[in-house]
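Worksheet for the structure shown next.
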Amino acid sequence: MVHLFLPVYLETRFLFWRTNGCYLNDSGRRKFLKAFVQRMEETITNEAGEVQPKWDLLTQQVKKYKQFVYQPTELYSPYQIR
């Protein structure tokens, strides 16, 4: 029964609906971005055994993909989360 009221609650608290999508209001956007930044600042161990924040891993993946698009001599192998 709760799941029937959840979209209405979310719509009034954090979201507002437009055609072809769902957009966060200011409060929801701040909460999402805060959680996203916290997640990206967590450290992980990369393939070389070095500890680095997830921001750095994302930057490296973007560079590798860009290099593959412009010079497809080497295959692009994405980082595997698990």
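Counting in this note's numbering, the sequence shown runs from 498 upward without gaps. C-beta atoms are modelled at their ideal positions from N, C-alpha and C, and glycine is treated no differently.
Cα-Cα separation between residue i and residue j, rounded to whole angstroms
{"i": "P550", "j": "N543", "result": "10 Å"}
{"i": "T540", "j": "Q577", "result": "15 Å"}
{"i": "F533", "j": "F565", "result": "27 Å"}
{"i": "W552", "j": "E538", "result": "7 Å"}
{"i": "R536", "j": "Y567", "result": "30 Å"}
{"i": "G525", "j": "K563", "result": "32 Å"}
{"i": "L554", "j": "G546", "result": "13 Å"}
Supposed contact pair residue j and residue i - C-beta distance, whole angstroms, cut 8 Å
{"i": "K560", "j": "Y573", "result": "Their Cβ separation, rounded to whole angstroms, is 11 Å, which puts K560 and Y573 out of contact at 8 Å."}
Helix, strand or coil at residue i [DSSP, three-state]
{"i": "Y576", "result": "coil"}
Contact set for residue i: own chain, Cβ-Cβ below 8 Å, skip 5 residues either direction
{"i": "E571", "result": "Q564, F565"}
{"i": "P569", "result": "none"}
CB contact flag (residue i, residue j, <8 Å)
{"i": "P575", "j": "Q558", "result": "yes"}
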